[in-house]
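Participant:
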Amino acid sequence: MLAMANTESSGDTARPWQSYNTAYTNAKAGMQGVDKEKVQRIVYEMSKGSQYFKNEERKEAFIREKIENMRARCAKLKPADLAHYQTVADKRILELEATRDLSRIWVHVDMDAFYAAVETLSDPSLKGKPMAVGGMSMISTANYEARRFGVRAAMPGFIARKLCPELIFVPTDFKKYTYYSDLTRKVFEKYDPNFVAASLDEAYLDVTEVCKERGTTGEEIARELRAGVHDETGGLTCSAGVAPNRLLAKVCSDINKPNGQFILPNDRMAVMTFISSLPIRKIGGIGKVTELILRDALGISTCEEILQKSSYICALFSHSSADFFLSVGLAIGGTDTPQVRSRRSISNERTFSATGDEAFLFYKLADIAEMLSTDLQKEGLRGRTLTLKLKTASFEVRTRAVTSQKHICSTEDIMKHASKLLKAELPMYANDNQNEDNVQDVVPPLLGPGYSFPDHFEGSSLDRVNSVTKTLGDVASSSISQKESLLWVNDYKCSICGIEMPPSFVEERQEHFDFHLAEKLQKEESETDFKTCVLKKRSVPKDHIASQRKHKKQKPSPKEGKHIPIDVFFVKSNQNF
Numbered sequence: 001m002l003a004m005a006n007t008e009s010s011g012d013t014a015r016p017w018q019s020y021n022t023a024y025t026n027a028k029a030g031m032q033g034v035d036k037e038k039v040q041r042i043v044y045e046m047s048k049g050s051q052y053f054k055n056e057e058r059k060e061a062f063i064r065e066k067i068e069n070m071r072a073r074c075a076k077l078k079p080a081d082l083a084h085y086q087t088v089a090d091k092r093i094l095e096l097e098a099t100r101d102l103s104r105i106w107v108h109v110d111m112d113a114f115y116a117a118v119e120t121l122s123d124p125s126l127k128g129k130p131m132a133v134g135g136m137s138m139i140s141t142a143n144y145e146a147r148r149f150g151v152r153a154a155m156p157g158f159i160a161r162k163l164c165p166e167l168i169f170v171p172t173d174f175k176k177y178t179y180y181s182d183l184t185r186k187v188f189e190k191y192d193p194n195f196v197a198a199s200l201d202e203a204y205l206d207v208t209e210v211c212k213e214r215g216t217t218g219e220e221i222a223r224e225l226r227a228g229v230h231d232e233t234g235g236l237t238c239s240a241g242v243a244p245n246r247l248l249a250k251v252c253s254d255i256n257k258p259n260g261q262f263i264l265p266n267d268r269m270a271v272m273t274f275i276s277s278l279p280i281r282k283i284g285g286i287g288k289v290t291e292l293i294l295r296d297a298l299g300i301s302t303c304e305e306i307l308q309k310s311s312y313i314c315a316l317f318s319h320s321s322a323d324f325f326l327s328v329g330l331a332i333g334g335t336d337t338p339q340v341r342s343r344r345s346i347s348n349e350r351t352f353s354a355t356g357d358e359a360f361l362f363y364k365l366a367d368i369a370e371m372l373s374t375d376l377q378k379e380g381l382r383g384r385t386l387t388l389k390l391k392t393a394s395f396e397v398r399t400r401a402v403t404s405q406k407h408i409c410s411t412e413d414i415m416k417h418a419s420k421l422l423k424a425e426l427p428m429y430a431n432d433n434q435n436e437d438n439v440q441d442v443v444p445p446l447l448g449p450g451y452s453f454p455d456h457f458e459g460s461s462l463d464r465v466n467s468v469t470k471t472l473g474d475v476a477s478s479s480i481s482q483k484e485s486l487l488w489v490n491d492y493k494c495s496i497c498g499i500e501m502p503p504s505f506v507e508e509r510q511e512h513f514d515f516h517l518a519e520k521l522q523k524e525e526s527e528t529d530f531k532t533c534v535l536k537k538r539s540v541p542k543d544h545i546a547s548q549r550k551h552k553k554q555k556p557s558p559k560e561g562k563h564i565p566i567d568v569f570f571v572k573s574n575q576n577f
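Numbering-wise, the UniProt record's numbering puts 296 at position 296 of the sequence shown, and it's gapless, one number per residue.
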């Protein structure tokens with residue numbers, strides 16, 4: 001049984017659908033020519049009014065505030081300031097330019113709609129038909145026929161079905177995808193034994209030595225490698241990008257998808273010409289938020305414009321961020337094979353229905369502390385920085401951390417610090433609770449890997465506190481664990497449904513987590529409502545029920561024929577069907 005909430009809200013009319021951009025509305029390979037306005041309109045209509053929607057509005061309000069603050073800082077920069085920062089930028093650009101390495105040949109290989117292609121290989125009747133791997137809750141990938149309708153990975157299936165009514169859903173089969181991924185890696189090893197696997201369907205290969213040994217080019221190696229993958233897998237195709245570094249190789253692999261390749265010569269002029277008109281969003285590491293800030297605050301939309309406004313970049317961003325942006329403008333990326341780094345953090349979490357019971361919260365905290373301690377001891381790790389994260393039913397997050405004088409791993413030591421952090425947060429939530437109405441009990445999980453949320457997004461009610469997480473390590477981690485063991489196996493596979501999402505899919509992972517937790521709550525609510533309904537029926541005399549049935553007329557549902565809104569997956573409601 002699903003719960004449907006009211007899809008209208010008092011503030012929705014002031015928000016045009018054209019401005020609503022989510023992970024679902026960003027184009028992927030194969031989505032050229034898609035009616036983006038239609039996709040935006042549908043996603044907006046099926047999202048508005050939900051807690052998820054309201055949280056997106058809060059985040060966008062924060063982004064707008066940040067953009068306005070940056071504009072204000074820009075306006076305060078005097079000519080002398082800009083001259084100073086231009087000198088700083090020019091010096092740093094020269095230093096970065098000195099690190100440019102055009103001696104390596106990198107190939108980025110990306111399988112074409114991997115999961116969907118594997119399913120089509122197993123069932124040829126799916127060929128040529130719009131198909132997605134997953135279900136009505138969430139899809140992990142879509143074939144190119146479906147992408148023409150705007151269907152894409154990480155999109156809830158019910159939205160995908162609205163975009164493409166003929167869409168065929170195929171359940172995920174992780175074992176099958178792993179099998180075919182292993183076949184592709186056998187091919188990769190022939191060209192680079194130390195290749196870097198970014199996910200099951202993506203890899204970076206340094207083919208410099210192979211090219212030297214064979215006296216051939218990166219273009220020929222890429223063509224040979226792609227043919228080898230096709231033969232080894234029995235028909236799967238992949239696309240490749242060849243460039244002097246990994247950053248550029250990844251961009252290049254997306255240009256001639258599917259089943260194609262693009263070669264960027266190891267020549268500085270060719271590289272700078274290529275990067276000059278490239279949209280900044282094409283670069284790995286520049287997501288929606290960064291794109292908006294650069295575009296709306298500084299007027300930067302292409303990589304070339306980063307260098308043109310390098311003085312502002314150095315004036316307004318941290319040293320490390322400025323270095324990254326300037327490197328992008330120069331098209332300088334990694335050329336050495338990255339080394340495997342030791343684990344820097346470990347974490348645990350539990351989710352539960354909204355509660356204001358402090359005793360229950362501390363009970364959960366102790367439970368997590370014990371699990372975290374066990375995990376640390378299994379890994380032979382100790383840590384100094386302990387992070388407590390609370391997330392509310394309205395998707396609001398608070399994070400607080402403390403650093404101990406010594407490295408710790410015992411349950412007692414963890415609880416000693418964690419309990420202080422929780423105690424400090426509770427009074428604020430309690431005060432907020434006195435001034436606000438009750439809210440719907442949605443229990444979303446913690447944010448995914450690498451995601452940060454504004455500190456000023458405070459929780460507004462103790463009743464909303466539904467998730468407590470502690471992270472022990474040098475940096476806050478995001479390994480997810482709950483009653484159903486919701487976590488990312490090998491850092492990419494959802495342990496509940498088997499959907500695979502790379503760690504870089506931060507927004508998509510967050511939305512995926514939110515679905516599973518909301519689904520769990522709705523199931524619990526449905527069971528409770530059913531039991532209540534049964535008890536009520538048992539308490540009513542049979543003759544009264546018969547009389548009611550005799551005179552009751554069936555009225556058409558005002559919702560009949562309409563699609564389920566996104567709230568079904570994020571919000572609980574008192575209205576059931």
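Each residue gets a CB set at the ideal place from its N, CA and C atoms; glycine is no exception. This structure is a prediction, so every number in the text was calculated from the model and none was measured.
#1: For VAL397 and SER140, I'd like the C-alpha separation in whole angstroms.
#2: Going by Cα to Cα distance, which pick from VAL210, CYS74, LYS186 and GLY284 is closest to SER310?
#3: Please state the DSSP three-state secondary structure of PRO79.
#4: Between which residues of its own chain and ARG281 is the CB-CB distance below 6 Å, once the five residues before and five after are set aside?
#5: If you measure between the beta carbons of LEU225 and VAL251, is that distance less than 9 Å?
#6: For a quick check, are the C-beta atoms of LEU307 and LEU294 less than 9 Å apart?
#7: Let me make sure I understand the geometry here. Which of THR172, MET371, CYS314 and ASP101 has the alpha-carbon closest to that of PHE114?
#8: Can you name, in chain order, every residue of its own chain whose Cβ lies under 6 Å from the Cβ of ASN266, other than the five neighbours on each side?
#9: Our contact map puts residue 594 next to LEU264 with C-beta atoms below 8 Å; I'd like the distance itself, whole angstroms only.
#10: Are the beta-carbon atoms of LYS331 and MET272 separated by less than 9 Å?
#11: What did DSSP end up calling SER477 once you bin it into helix, strand or coil?
#12: Please state if the CB of ARG382 and the CB of LEU388 are separated by a distance shorter than 9 Å.
#13: Skipping 5 residues on each side, what residues in its chain have a beta carbon closer than 8 Å to that of VAL468?
#14: From the DSSP output, read off the bridge partner residues of PRO279.
#15: Can you grab the Cα-Cα spacing for the pair GLU97 / THR302, in whole Å?
#16: I need the straight-line Cα distance from ALA198 to ILE159, nearest angstrom please.
#17: Smallest Cα separation from ILE408: which of LEU372, ARG400 and ARG147?
#18: Between LEU94 and ALA315, is the Cβ-Cβ spacing less than 9 Å?
#19: Under the rule that 16 or more other beta-carbon atoms within 10 Å means buried, what is PRO193, buried or exposed?
#20: What residue range is occupied by the uninterrupted beta strand (DSSP E) comprising PHE169?
#21: On the CB-based measure, 16 or more other CB atoms within 10 Å of its CB, does LYS54 come out buried or exposed?
#22: Inspect the beta-carbon positions of THR184 and LEU236 and report whether they are closer than 9 Å.
#23: Measure the C-alpha to C-alpha separation of ASP112 and VAL196 and round it to an integer number of angstroms.
#24: Quick check on DSSP: helix, strand or coil for SER320?
#25: Thinking just about the alpha-carbon of each residue, which of ASP323, PHE149 and PRO156 is nearest to the one in PRO165?
#26: As a quick exercise: from LYS176, ASP254 and LEU163, pick the residue whose alpha carbon is nearest that of GLU37.
#27: Going by DSSP in three states, CYS494 sits in which element: helix, strand or coil?
#28: Return the CA-CA distance between PHE188 and LEU205, expressed in angstroms with no decimal places.
#29: Can you look up PHE453 in the DSSP assignment and give me helix, strand or coil?
#30: Below 8 Å CB to CB, which residues in the same chain sit around ILE415 once its five sequence neighbours on both sides are set aside?
#31: Please determine, among PHE324, ILE67, TYR85 and THR337, the residue with the shortest C-alpha to C-alpha distance to ALA203.
#32: Mapping the DSSP letters down to three states, classify VAL207 as helix, strand or coil.
#33: Roughly how many angstroms lie between the CA atoms of ILE168 and GLU145, to the nearest whole one?
Facilitator: Taking the definition as stated:
#1: A straight line joining the alpha-carbon of VAL397 with that of SER140 spans about 26 Å.
#2: CYS74
#3: helix
#4: GLU291
#5: Not a contact, by the Cβ cut-off of 9 Å.
#6: no
#7: THR172
#8: LEU102 and PRO244
#9: The question about residue 594 has no answer, for the chain in this structure spans 1 to 577.
#10: Note that residue 331 is Ala in the sequence shown, not Lys. Pairing ALA331 with MET272 gives a Cβ-Cβ distance under 9 Å.
#11: Summary for SER477: the model assigns pLDDT 33, below 50, so the residue's position carries little reliability; its value from the coordinates is reported in the next sentence. For SER477, the three-state secondary structure derived from DSSP is coil.
#12: It is not a contact, given that the beta carbons lie outside the stated cut-off.
#13: With a pLDDT of 36 at VAL468, under the threshold of 50, the modelled position of this residue cannot be trusted; read the value that follows with caution. So the list reads GLU349, ARG350, LEU361, LYS364, LEU365, ILE368, LEU388, LYS389, LEU390 and LEU422, once near-sequence residues are dropped.
#14: Per DSSP, THR302.
#15: 19 Å
#16: 28 Å
#17: LEU372
#18: no
#19: exposed
#20: That run of the beta strand (DSSP E) goes 168-170.
#21: buried
#22: Yes.
#23: 18 Å
#24: helix
#25: PHE149
#26: Among LYS176, ASP254 and LEU163, the Cα nearest to that of GLU37 is on LEU163.
#27: strand
#28: 7 Å
#29: Residue placement at PHE453 is poorly supported in this model, since its pLDDT is 29, which falls under 50; the coordinates are not used for a value here.
#30: Here the sequence assigns Met to residue 415, which means Ile is not the residue at that position. Answer for MET415: LEU365, ALA366 and ALA369, listed in chain order.
#31: THR337
#32: coil
#33: 11 Å
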